[in-house]
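Numbered by the numbering used here, the letters in the sequence shown go through residues 63 to 243 in order.
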Amino acid sequence: MTKLKLATVWLGGCSGCHMSFLDLDEWLFELAQQVDLVYSPFMDAKQYPQGVDVALVEGAVANTDHLEMIRKVRDRTHYLIAFGDCAITGNVTALRNVSATVEAVLQRSYIDVADLFPQLPAAEGIVPPLLDRVQPVHAIIPVDLYLPGCPPSASRIRFALEALLRGDRPQLEGHDLLKFG
Numbered sequence: 063m064t065k066l067k068l069a070t071v072w073l074g075g076c077s078g079c080h081m082s083f084l085d086l087d088e089w090l091f092e093l094a095q096q097v098d099l100v101y102s103p104f105m106d107a108k109q110y111p112q113g114v115d116v117a118l119v120e121g122a123v124a125n126t127d128h129l130e131m132i133r134k135v136r137d138r139t140h141y142l143i144a145f146g147d148c149a150i151t152g153n154v155t156a157l158r159n160v161s162a163t164v165e166a167v168l169q170r171s172y173i174d175v176a177d178l179f180p181q182l183p184a185a186e187g188i189v190p191p192l193l194d195r196v197q198p199v200h201a202i203i204p205v206d207l208y209l210p211g212c213p214p215s216a217s218r219i220r221f222a223l224e225a226l227l228r229g230d231r232p233q234l235e236g237h238d239l240l241k242f243g
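This is the structure in structure tokens:
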């Protein structure tokens, strides 16, 4: 039996969706028998691979690294899931959109509220350049499934993955599977 190639990706968010994934508890052992985890913050993979069957993408697109990554993920993934409210709507990550400019966000974060050594990060590669606006994943690339929740419950994650493991498209219906927040 060929195992499903599964990836999880963390963009601009709190990692709560990944923590909820870990709440699958003992079912993770069953899942491990049916998938190859090929990319995730849970492992030490440096490059997103080709030929990924399913990717759970947590977080919004907030900087140039996220933008490059989400395009790569879409190009190399058959079935992409916007994983959690930040990926679907921008949610908390997009609160910075109310600021007038990226410069205002950086000023507030690194100068105005700094306790020690207020300064903007200037060395190349320290902080990826912020995009003008934080965007949900679907604003950048096509999404195959939206898995709402902040974070989505472990049961909701399991429901979607079990359908995909059977070769079915998940049909999210009802309050328990579609509730935001």
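In this text, a Cβ means the ideal position worked out from N, Cα and C, and glycines have one as well.
Proximity of residue i and residue j at Cβ, strictly below 8 angstroms
{"i": "Asn159", "j": "Val196", "result": "yes"}
{"i": "Leu68", "j": "Asp98", "result": "yes"}
{"i": "Val114", "j": "Thr139", "result": "yes"}
{"i": "Leu227", "j": "Leu66", "result": "yes"}
{"i": "Asp194", "j": "Val164", "result": "yes"}
{"i": "Ile219", "j": "Leu86", "result": "yes"}
{"i": "Gly40", "j": "Cys148", "result": "Not covered by the structure: residue 40. The range shown for the chain is 63 to 243."}
{"i": "Leu157", "j": "Leu168", "result": "no"}
{"i": "Leu129", "j": "Ile202", "result": "yes"}
Beta-carbon separation (whole angstroms), residue i vs residue j, contact threshold 8 angstroms
{"i": "Ala144", "j": "His200", "result": "6 angstroms"}
{"i": "Asn125", "j": "Pro191", "result": "6 angstroms"}
{"i": "Gly121", "j": "Thr151", "result": "Actually they do not touch by this definition, with Cβ atoms about 12 angstroms apart."}
Cut-off 8 angstroms between Cβ atoms - residues of its own chain near residue i, not counting five sequence neighbours on either side
{"i": "Pro214", "result": "Cys79, Ser82, Phe145 and Gly146"}
{"i": "Ala222", "result": "Ile143, Leu207, Leu209, Pro232 and Leu234"}
{"i": "Pro204", "result": "Arg136 and Leu142"}
Residues near residue i in its chain [Cβ-Cβ closer than 7 angstroms; skip 5 each side]
{"i": "Tyr135", "result": "Residue identity check: residue 135 is Val in the sequence provided, not Tyr. Only Val71, Tyr110, Ala117, Val119 and Leu142 meet the Cβ criterion."}
Identity of the residue in the options nearest residue i by Cα
{"i": "Val189", "options": "Tyr208, Lys108, Ala222 and Ser171", "result": "Ser171"}
{"i": "Gly187", "options": "Tyr208, Asp127 and Asp85", "result": "Asp127"}
{"i": "Asn153", "options": "Ala176, Pro198 and Leu182", "result": "Pro198"}
{"i": "Gly229", "options": "Gln96, Leu157, Ile202 and Val175", "result": "Gln96"}
{"i": "Ser77", "options": "Ala225, Ser217 and Cys212", "result": "Cys212"}
{"i": "Trp89", "options": "Glu224, Asp106 and Phe242", "result": "Glu224"}
Beta-carbon contacts of residue i that lie in its chain and below 6 angstroms, excluding the five residues immediately before and after
{"i": "Pro180", "result": "Ile173"}
{"i": "Tyr208", "result": "Ala144 and Ile150"}
{"i": "Ser102", "result": "Thr70"}
Short CB-CB distance (under 8 angstroms) between residue i and chain B
{"i": "Glu120", "result": "The structure shown contains no chain B; it holds only a single protein chain."}
(request) At 4 residues or longer, and completely inside the stretch 146–204: list those alpha helix (DSSP H) runs for me, N to C. (result) 147–151 and 164–169
(request) Scan the stretch 200–229 and note each continuous alpha helix (DSSP H) run of 4 residues or more that stays entirely inside, going in chain order. (result) 216–227
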